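Chains as they are written, first to last, in my numbering: chain A, 56 to 559; chain B, 58 to 371.
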């Protein structure tokens with residue numbers, strides 16, 4: 056046994072002697088080459104209407120395009136539509152880009168827009184249905200003009216159209232693909248890259264679209280996506296050059312420090328659009344008492360959680376609106392620092408149960424929270440369950456508290472309305488405050504961005520004060536690439552877009 | 058012999074369905090349903106209900122099982138609830154990768170274990186015996202995920218000798234395929250190599266004490282003839298039994314190994330399907346595994362007869 060121990064120590068010593076990599080510099084973009092990217096899990100479908108996984112968007116955004124898109128400051132900018140205007144609060148008119156063809160050669164036009172929106176609205180189990188709930192009908196005025204008739208004003212609609220709900224796919228390709236379309240969407244997009252093949256659990260290949268409407272783009276010949284679920288394996292593949300890019304989440308937080316210190320790799324991050332922390336059930340049980348929710352919010356030492364559980368990679372959260380959003384108000388700092396005495400004055404001596412997903416990080420987080428709350432005389436029991444089980448019970452309102460986070464949407468409405476409006480689709484905690492409801496409804500119909508910002512600011516102040524959710528962190532959007540990858544644009548929605556990227 | 062074969066093959070069908078019934082019940086007993094997992098954070102109650110309906114998960118369980126069995130008897134194992142891919146296609150497109158990995162693991166395990174075990178038995182107490190015994194203890198004790206990560210860390214990340222994972226099909230490039238096969242095959246084969254070495258050693262020691270070995274020696278047969286012709290062949294009978302069982306073990310080990318090395322095989326599919334409650338795929342894999350396990354057992358029984366003429370199934 057001793058001999059074995061010595062052997063293992065020897066091997067560990069060898070492995071500690073890491074070798075350095077190479078760096079390359081260069082400014083002029085270079086065309087050609089294959090970029091290999093690790094994604095944190097396998098995709099389920101390539102059909103945006105059926106998609107419910109964040110990781111699927113990594114591939115979609117390089118293959119499909121939407122009517123509108125966003126820049127790094129999350130501002131809406133033209134995509135397949137060159138311009139748009141509200142002719143009245145419930146009529147939204149788009150002017151379409153001319154001369155764009157799908158990868159299968161069929162033209163992109165008003166009929167395609169109508170087809171795609173109607174498809175999203177009529178597919179029963181489509182998660183897109185609720186995103187487009189305000190759309191009554193789509194009218195094709197002429198080849199370059201389409202009009203969306205709305206049931207009611209919806210200030211968040213344009214932001215919804217940036218994502219999967221607004222992606223334009225070739226009607227001919229969808230018909231041709233039939234039942235297997237989601238597995239083999241040949242020729243369906245208009246984007247910089249087109250679909251080649253998908254060998255599940257192995258790789259998914261896109262190749263350059265030679266007829267892309269932005270001339271001279273893309274630079275890369277090919278993108279190969281590889282699902283690598285094991286974070287250690289993804290890091291090893293990045294270090295050895297087996298992959299060039301790792302998606303946000305593909306590398307564990309504990310390894311980010313070593314990525315940063317590796318000269319052959321590039322690491323950058325920004326606060327993502329989501330929020331994390333835990334749900335509390337305001338509707339029934341121990342947390343129906345607002346004072347108890349507030350005591351929990353007050354007793355938490357968030358910086359300690361960020362440091363010890365998330366290795367300083369995540370950003371402190373003060374509410375559902377992340378720092379990258381135009382609606383973010385840096386002056387709001389409720390429950391900023393842990394204050395045990397203040398928490399005890401609010402409520403103490405009660406017990407609750409935290410539903411905790413069975414991942415090491417979640418369990419670690421729950422353990423630390425339990426310890427922090429214990430100092431304020433609050434007893435927390437940890438109940439570890441499979442993530443799907445936590446979701447099911449949270450949705451059925453069978454919980455006191457549950458570690459469930461939100462990946463976020465680029466418009467503040469997507470982070471607040473469904474979560475905190477009475478009866479909202481994601482309002483597991485049954486939070487209900489007529490004042491918040493009214494502010495959120497006003498913000499939905501207000502056309503002016505500064506009015507909306509002020510309304511969301513007021514709503515956020517109330518719901519954070521009420522401790523409708525215990526906000527802890529905003530997860531980062533990350534750029535994790537080899538130093539050979541250039542011109543990478545880091546956007547808070549953590550989707551890697553490769554039209555402008557080149558490899559040198 | 059032929060009658061025996063037919064009877065054994067016919068028995069497989071009811072056994073396979075019994076296994077599938079047990080698995081069906083077990084999987085459905087676990088509280089999470091696939092619709093919740095598919096929708097994940099977009100889990101609004103309306104969307105979950107609509108998806109459950111679309112996937113026919115809102116039907117009573119006995120009805121779901123009977124539908125499945127009826128279709129399965131017609132060769133249709135259904136479609137994945139997560140990807141809508143036909144189950145047969147999902148399994149067959151991943152089977153070559155798993156077979157290749159399994160065969161490579163078993164092959165290196167047998168090729169190393171039998172000579173090593175034999176030599177250890179012949180030179181009992183010598184340094185090589187101590188080394189072999191040490192290896193068997195270590196090989197059995199260290200879990201294969203640890204061996205896999207260690208191999209990646211040392212041979213891939215530090216010495217850059219092998220890629221840390223991924224797969225290239227034989228059709229695309231044979232050298233690259235073999236290059237990527239080395240680490241996962243070692244990882245998967247280590248435990249079985251250790252067990253086989255031990256079995257060969259102890260079985261060989263036992264056989265060497267037998268009268269017929271002494272008789273063969275007394276009749277003047279060469280040492281080489283005695284070992285290879287008499288001893289080894291008899292010593293291998295328990296080893297063959299173990300190897301037969303190991304086919305199951307290899308498939309089980311493939312779950313972990315394929316995940317670590319991003320190897321696109323049935324093991325990885327099984328893991329993802331279990332976590333995603335992809336009932337049709339789980340059922341399909343279990344059926345496939347049950348058949349391969351039974352076929353392997355049959356092959357083992359037939360190999361006995363070949364190794365020892367006193368055993369026959371007439």
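Don't be surprised by glycine CBs; every beta carbon is placed ideally from N, CA and C. Nothing here was measured: the structure is a model prediction, and the numbers come from that model.
Checklist entry - What does residue 326 of chain B reach in chain A if we use C-beta pairs closer than 7 Å? => result Going along chain A in sequence order, the residues near residue 326 of chain B (Cβ under 7 Å) are 256.
Checklist entry - Starting from residue 110 of chain B and walking both ways along the alpha helix (DSSP H), at which residues does that stretch end? => result For residue 110 of chain B, the enclosing alpha helix (DSSP H) begins and ends at 102-111.
Next on the checklist: Since residue 333 of chain B and residue 143 of chain B should fall inside the 8 Å C-beta cutoff, what is the C-beta to C-beta distance between them, to a whole number of angstroms?
Outcome noted: Not really, about 17 Å apart at Cβ, beyond 8 Å.
Next on the checklist: Which residue wins for smallest C-alpha separation from residue 96 of chain A, given the options B:345, B:343, B:317, B:347?
Outcome noted: Among B:345, B:343, B:317, B:347, the Cα nearest to that of residue 96 of chain A is on B:317.
Item to check | Where the beta strand (DSSP E) through residue 139 of chain A begins and ends | outcome: First-last of the beta strand (DSSP E) with residue 139 of chain A: 136-143.
Checklist entry - What three-state label does DSSP hand residue 440 of chain A in the structure shown? => result Residue state, collapsed to three classes: strand.
Checklist entry - beta strand (DSSP E) containing residue 258 of chain A: first to last residue? => result For residue 258 of chain A, the uninterrupted beta strand (DSSP E) segment begins and ends at 258-263.
Next on the checklist: My output table needs one value for residue 485 of chain A: the three-state DSSP class, helix, strand or coil.
Outcome noted: Per DSSP, reduced to three states, the secondary structure at residue 485 of chain A is coil, with no helix or strand assignment.
Checklist entry - For residue 238 of chain A and chain B, any beta-carbon pair shorter than 8 Å? => result Using a CB distance cut-off of 8 Å, residue 238 of chain A counts as an interface residue toward chain B.
Checklist entry - Which residues in chain B sit within 9 Å of residue 461 of chain A, going by Cβ to Cβ distance? => result The contacting residues are 98.
Checklist entry - With residue 461 of chain A and residue 309 of chain B assumed to form a contact (beta carbons below 8 Å), what rounded beta-carbon distance in angstroms separates them? => result Their Cβ separation, rounded to whole angstroms, is 37 Å, which puts residue 461 of chain A and residue 309 of chain B out of contact at 8 Å.
Item to check | Cβ of residue 234 of chain B within 8 Å of any chain A Cβ | outcome: No, residue 234 of chain B does not count as interfacial toward chain A.
Next on the checklist: Which same chain residues end up closer than 6 Å to residue 361 of chain B when comparing Cβ atoms and leaving out the 5 residues on each side of it in sequence?
Outcome noted: Taking residue 361 of chain B as the centre and dropping the five residues before and after it, the same chain places the C-beta of 368 closer than 6 Å to its C-beta, in chain order.
Next on the checklist: For residue 528 of chain A and residue 430 of chain A, what's the separation of their Cα atoms in angstroms?
Outcome noted: If you take the alpha carbons of residue 528 of chain A and residue 430 of chain A, they lie about 21 Å apart.
Checklist entry - Checking contacts by CB at 8 Å: is residue 365 of chain A closer than that to chain B? => result It does not; no Cβ of chain B falls within 8 Å.
Item to check | Beta bridge counterpart(s) of residue 535 of chain A as assigned by DSSP | outcome: DSSP lists A:301, A:322 as partners of residue 535 of chain A.
Item to check | Opening and closing residue of the beta strand (DSSP E) in which residue 81 of chain B lies | outcome: In the DSSP annotation of this structure, residue 81 of chain B is not part of any beta strand (DSSP E); the continuous alpha helix (DSSP H) holding it starts and ends at 59-86.
Checklist entry - Shortest alpha-carbon distance to residue 297 of chain A belongs to which of A:410, A:553, A:363, A:92? => result For the options A:410, A:553, A:363, A:92, the alpha carbon positioned closest to that of residue 297 of chain A is the one of A:92.
Item to check | Contact check, residue 407 of chain A vs residue 352 of chain A, beta carbons under 8 Å | outcome: Taking 8 Å as the Cβ cut-off, residue 407 of chain A and residue 352 of chain A do not qualify as a contacting pair.
Next on the checklist: With H, G and I counted as helix, E and B as strand and the rest as coil, what does DSSP make of residue 269 of chain A?
Outcome noted: Of the three classes helix, strand and coil, the one that applies to residue 269 of chain A here is coil, per DSSP.
Next on the checklist: Strictly under 8 Å for the Cβ-Cβ distance: is residue 370 of chain B near chain A by that measure?
Outcome noted: By this cut-off, residue 370 of chain B is not an interface position.
Checklist entry - Using a C-beta cutoff of 8 Å, does residue 103 of chain A count as contacting chain B? => result No, residue 103 of chain A does not count as interfacial toward chain B.
Item to check | Contact residues within the region 212-240 of chain B, judged by C-beta distance below 7 Å to chain A | outcome: When C-beta distances to chain A are compared with 7 Å, the residues of the region 212-240 of chain B below that value are 213, 214, 215, 217, 220, 221, 222, 223, 224, in chain order.
Checklist entry - How big is the Cα-Cα spacing for residue 557 of chain A and residue 335 of chain A? => result Going by the C-alpha atoms only, they are around 46 Å apart.
Next on the checklist: If the cut-off is 9 Å on Cβ atoms, which residues from the region 205-224 of chain A count as contacting chain B, listed in chain order?
Outcome noted: Listed in sequence order: no entries.
Item to check | Pair within 8 Å by beta-carbon distance, residue 293 of chain B and residue 364 of chain B | outcome: Here residue 293 of chain B is near residue 364 of chain B, since their CB atoms are less than 8 Å apart.
Next on the checklist: Taking CB distances under 8 Å as the criterion, tell me whether residue 374 of chain B reaches chain A.
Outcome noted: Residue 374 of chain B is absent from the structure shown; chain B starts at 58 and stops at 371.
Next on the checklist: Counting only beta-carbon separations shorter than 8 Å, does residue 481 of chain A have a partner in chain B?
Outcome noted: Output row for residue 481 of chain A: interface = yes.
Checklist entry - Under three-state DSSP, which class holds residue 121 of chain A? => result Residue 121 of chain A falls in the strand class under three-state DSSP.
Next on the checklist: What does the alpha-carbon distance come out to for the pair residue 235 of chain B and residue 121 of chain A?
Outcome noted: Whole-angstrom Cα-Cα distance: 42 Å.
Checklist entry - Helix or strand or just coil, what does DSSP make of residue 367 of chain B? => result Taken through DSSP and simplified to helix, strand or coil, residue 367 of chain B comes out as coil.
Item to check | Beta-carbon proximity list for residue 219 of chain B, same chain, < 7 Å, skipping 5 on both sides | outcome: If we look at residue 219 of chain B and ignore the five residues flanking it on each side, its Cβ neighbours are 212, 213, 236, 239, 240.
Checklist entry - Which residues, taken in chain order from the region 285-303 of chain A, show a beta carbon closer than 7 Å to some beta carbon of chain B? => result Flagged, chain order: 285, 287, 288, 291, 292, 294, 295, 297.
Item to check | Where residue 139 of chain B meets chain A, residues with beta-carbon distance less than 7 Å | outcome: The answer, in chain order, is 99.
Item to check | Any chain A beta carbon closer than 8 Å to residue 121 of chain B | outcome: Closer than 8 Å to the CB of residue 121 of chain B there is not a single CB belonging to chain A.
Item to check | Within chain A, partners of residue 185 of chain B - CB distance below 8 Å | outcome: None at all; the shortest Cβ gap to chain A is about 15 Å.
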